[in-house]
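Residue numbers (my numbering): 3 to 141.
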C-alpha cells in the first residue's frame, strides 16, 4: 500500500535540449548542442568575482573575462545588456546563439563571462560571434 509519487518528485537534471553531449553532435531535430546548466556561472557572486579578478579580452562584438578555476572544467555566463539590445527577444536570441557556440568550442578550465559589446545584423549574428570566439579559443 505505497503512496503514489507526487507529480513533482521527478525533476530532470536539465532540459532535454541541454542533455546533448557537451560540444557533441547536437540536440534533437539537428539543433546545436547547448551549454549545459552545470557548466554555466549562475550565482551573482561568481560572476562578480570574474569581473573583479578576471583578465579581459576584447573582440569586435564580444568581450571576454577569464578567471582560472580549480574545478578542472569551464563555466561560463553570457551577458547582453539593455544598452546593447533594447528588446528582450534580441537579447535572448544573442545569448542562445552564444551558448550554442560556446558548447562547440574547447574551453579552458576557467570561469568566464562573455559580454556582447554590440549586436551584428541578425543574419550575421552567429558568424560574427564565432569569429570573435575563434580569436580566444582556436581549434
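C-beta: ideal position from N, C-alpha, C; glycine also. Computed from a prediction, not measured in an experiment: that's the story for all the values here.
- Residues of the same chain with a CB within less than 7 Å of the CB of residue 134, apart from the 5 flanking positions on each side, are 61, 62, 63, 64 in chain order.
- Bounds of any alpha helix (DSSP H) do not take in residue 86, whose DSSP letter is neither H nor E.
- Looking at the DSSP output, residue 117 shares a beta bridge with 65, 81.
- A straight-line Cα-Cα distance of about 23 Å links residue 45 and residue 108.
- Between residue 52 and residue 43, the CB-CB gap stays under 8 Å.
- The C-beta of residue 85 has fewer than 16 other C-beta atoms within 10 Å across all chains shown, which makes the residue exposed.
- Residue environment: residue 130 is assigned as buried (16 or more neighbouring CB atoms within 10 Å of its CB, all protein chains considered).
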